[in-house]
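Mapping the sequence shown onto my numbering, position 212 (from 1) lands on 526, and the numbers just tick up by one. Scroll down for the structure; my scribbles are underneath it.
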Amino acid sequence: MSEQGGGAGGIVAVGLALVLLLPVGVVTLLGGGDDCTVSSSSVAQTVAKGSIPEKPIEGYGKEQLTNAAAIMNAATALHLDSKAQLVGVMTAMGESGLRVLDRGDAAGPDSRGLFQQRANGAWGSYEDRMNPKTSATNFFKKLQTIPGWEQMTPSRAANKVQINSDPDYYTKYVAAATKVVNALAGVEVATTTAACVKDAAGNYAPANGTKPGKWGGYDNGKIPQSQLQIIPWTKDQSWIGSMYLRPDAAQALIKMSAAFKDEFGYELPLNDAYRSFARQEEAKQQYGGNAATPGTSNHGWALAVDFGTQSHHTIAYDDATYAWLKKHAGTYGWVHPAWAEPGGVGPHEAWHWEFQGVKNA
Numbered sequence: 315m316s317e318q319g320g321g322a323g324g325i326v327a328v329g330l331a332l333v334l335l336l337p338v339g340v341v342t343l344l345g346g347g348d349d350c351t352v353s354s355s356s357v358a359q360t361v362a363k364g365s366i367p368e369k370p371i372e373g374y375g376k377e378q379l380t381n382a383a384a385i386m387n388a389a390t391a392l393h394l395d396s397k398a399q400l401v402g403v404m405t406a407m408g409e410s411g412l413r414v415l416d417r418g419d420a421a422g423p424d425s426r427g428l429f430q431q432r433a434n435g436a437w438g439s440y441e442d443r444m445n446p447k448t449s450a451t452n453f454f455k456k457l458q459t460i461p462g463w464e465q466m467t468p469s470r471a472a473n474k475v476q477i478n479s480d481p482d483y484y485t486k487y488v489a490a491a492t493k494v495v496n497a498l499a500g501v502e503v504a505t506t507t508a509a510c511v512k513d514a515a516g517n518y519a520p521a522n523g524t525k526p527g528k529w530g531g532y533d534n535g536k537i538p539q540s541q542l543q544i545i546p547w548t549k550d551q552s553w554i555g556s557m558y559l560r561p562d563a564a565q566a567l568i569k570m571s572a573a574f575k576d577e578f579g580y581e582l583p584l585n586d587a588y589r590s591f592a593r594q595e596e597a598k599q600q601y602g603g604n605a606a607t608p609g610t611s612n613h614g615w616a617l618a619v620d621f622g623t624q625s626h627h628t629i630a631y632d633d634a635t636y637a638w639l640k641k642h643a644g645t646y647g648w649v650h651p652a653w654a655e656p657g658g659v660g661p662h663e664a665w666h667w668e669f670q671g672v673k674n675a
């Protein structure tokens, strides 16, 4: 193990006290310019039936809020985060006022529905475009294909999907969308026009080809679970419980696993992800020199994972999973550190990978 890394297959610590809470955290909207980002620190929350308020929110009535809930739940179903929910609700506000419109406009007379999707075959049938759930799902599926959308402002991300002429058109709807998402999901939303910074509130600059390190003002292994995102296919595992990463790392892993699943038929098996300080202490006691000094592991920054076999043994350098990761992981911002490579200084760990993001051009 080391760290340096994962060790003993990611330290499968059977018998640990497991905290299996779905995080309901703070969605931090960082404005202040095109180069600034919106960072979501919570998993998208499902809006329960019967929870739509009777009173309007920001001028949007119950019918419109019901449509907003359908958009948010479509994001949840695709394992997207609260930023995606915000982008979806904001876009529908700008396109249709959160109404399912059976008409278009001069620029797109064939546009229909919440997102004013056109009859060009890209958005399904007329019925699909008029269905809140289906149209939102198709919107988010397109959003997921946009490289780096997570690091864009909400309006710029929406623009990449909608291809409208003004990339900042939706900016005026961000504040209202924030309040609607907050009210429907029960997630506190903080907004600021300050520059993107790392601070004690949990804000962070998304990875940009940088090695894991301190973020959000938190100490290694002492990051609140509310600031992390669950890895969907690890939820409530009987043998170790749910696994978490920083939201941008989790989103990149989700996309990478989807590509892996297309080829192998199953999600990337994980043996470990975020490792608390207490678990680092247990690892050091169990594995000695092969374990990182507590408080120094990149697992403690929620920016490292240990991949395994389907039976949760460690993978080796000659495993198909390792070969696939070496070929594809860099596309998603995941790297195998030099020390863990064959011929590296060691410990030699085929399973330990770290999230560094993709450096902006």
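Cβ coordinates follow ideal geometry from the N, Cα and C atoms, glycine included.
{"Check": "Rounded to a whole number of angstroms, what is the C-alpha to C-alpha distance between residue 673 and residue 523?", "Outcome": "4 angstroms"}
{"Check": "I need the DSSP call for residue 605, collapsed to helix, strand or coil.", "Outcome": "strand"}
{"Check": "Just verifying my parser: in three-state terms, what is the DSSP assignment at residue 426?", "Outcome": "strand"}
{"Check": "How would you label residue 495, buried or exposed, when you count the other beta carbons within 10 angstroms and need 16 or more for buried?", "Outcome": "buried"}
{"Check": "Is residue 385 helix, strand or coil by DSSP?", "Outcome": "helix"}
{"Check": "Name the DSSP beta bridge partners of residue 371, please?", "Outcome": "374"}
{"Check": "Is the beta carbon of residue 530 sitting closer than 9 angstroms to the one on residue 537?", "Outcome": "yes"}
{"Check": "Under the DSSP definition of a beta bridge, which residues are partnered with residue 620?", "Outcome": "586, 666"}
{"Check": "Between which two residues does the alpha helix (DSSP H) containing residue 406 stretch?", "Outcome": "396 to 410"}
{"Check": "Rounded to the nearest angstrom, what separates residue 618 and residue 578 at their Cα positions?", "Outcome": "22 angstroms"}
{"Check": "Select from 445, 387, 420 the residue whose C-alpha is nearest the C-alpha of residue 414.", "Outcome": "445"}
{"Check": "Between residue 499 and residue 562, how many whole angstroms is the CB-CB distance? I'm expecting something under 8 angstroms.", "Outcome": "Between residue 562 and residue 499 the Cβ distance is about 20 angstroms, and since that is not below 8 angstroms, they are no contact."}
{"Check": "If you check the beta carbons only, do residue 389 and residue 395 fall under 9 angstroms apart?", "Outcome": "yes"}
{"Check": "In the DSSP assignment, what residue or residues form a beta bridge with residue 544?", "Outcome": "558"}
{"Check": "Spatial neighbours of residue 456 within its chain, please: CB distance less than 7 angstroms, with the 5 preceding and 5 following residues excluded, ordered by chain position.", "Outcome": "475"}
{"Check": "Using a threshold of 9 angstroms, state whether the C-beta atoms of residue 685 and residue 594 are closer than that.", "Outcome": "Past the edges of the chain, shown from 315 to 675, lies residue 685, and the structure says nothing about it."}
{"Check": "Can you check whether the CB of residue 555 is closer than 9 angstroms to the CB of residue 589?", "Outcome": "no"}
{"Check": "Please state whether the Cβ-Cβ distance between residue 491 and residue 373 is less than 9 angstroms.", "Outcome": "no"}
{"Check": "Note down the Cα distance separating residue 342 from residue 483, rounded to an integer number of angstroms.", "Outcome": "In this prediction, residue 342 has a pLDDT of 37, which is less than 50 and means its spatial position is unreliable; what the coordinates show is noted afterwards. If you take the alpha carbons of residue 342 and residue 483, they lie about 21 angstroms apart."}
{"Check": "Give the DSSP-derived three-state secondary structure of residue 551 in the structure shown.", "Outcome": "coil"}
{"Check": "Determine the burial state of residue 669: buried for a count of at least 16 other Cβ atoms within 10 Å of its Cβ, exposed for fewer.", "Outcome": "buried"}
{"Check": "If you run the structure through DSSP and keep just helix, strand and coil, what is residue 565?", "Outcome": "helix"}
{"Check": "How is residue 655 classed by DSSP in three states: helix, strand or coil?", "Outcome": "coil"}
{"Check": "Cα-Cα, which of 592, 459, 420 is closest to residue 573?", "Outcome": "459"}
{"Check": "What first and last residue would you give for the alpha helix (DSSP H) that runs through residue 495?", "Outcome": "488 to 499"}
{"Check": "Can you tell me whether residue 638 is helix, strand or coil according to DSSP?", "Outcome": "helix"}
{"Check": "Quick check on residue 338: does DSSP put it in helix, strand or coil?", "Outcome": "Confidence is the limiting factor: at residue 338 the pLDDT is only 34, short of 50, which leaves the residue's position unreliable, though a coordinate-based value still follows. Three-state DSSP puts residue 338 in coil, outside helix and strand."}
{"Check": "If you reduce the DSSP assignment to three classes, tell me which class residue 628 lands in.", "Outcome": "strand"}
{"Check": "Whole angstroms are fine: how far does the CA of residue 575 sit from the CA of residue 606?", "Outcome": "31 angstroms"}
{"Check": "According to DSSP, simplified to helix, strand and coil, what is residue 649?", "Outcome": "strand"}
{"Check": "Skipping 5 residues on each side, what residues in its chain have a beta carbon closer than 7 angstroms to that of residue 622?", "Outcome": "323, 324, 583, 584, 585, 628, 629, 665"}
{"Check": "Just curious, the alpha helix (DSSP H) that residue 442 is in, first and last residue?", "Outcome": "440 to 444"}
{"Check": "My assumption, with CB atoms under 8 angstroms, is that residue 454 sits in contact with residue 402. Please give the rounded CB distance.", "Outcome": "6 angstroms"}
{"Check": "Go through its chain and collect everything with a Cβ distance to residue 513's Cβ below 6 angstroms, but skip five positions before and after it.", "Outcome": "Confidence at residue 513 is low in this model, with a pLDDT of 38, below 50, so the placement of that residue is unreliable and no value is reported for it."}
{"Check": "Tell me whether residue 320 is buried or exposed, calling it buried when 16 or more other Cβ atoms sit within 10 Å of its Cβ.", "Outcome": "Since pLDDT at residue 320 reaches only 45, below the 50 mark, its modelled position is unreliable, and the value read off the structure follows with that caveat. Buried is the call here."}
{"Check": "Starting from residue 431, follow its DSSP beta bridges and name the residues at the other end.", "Outcome": "426"}
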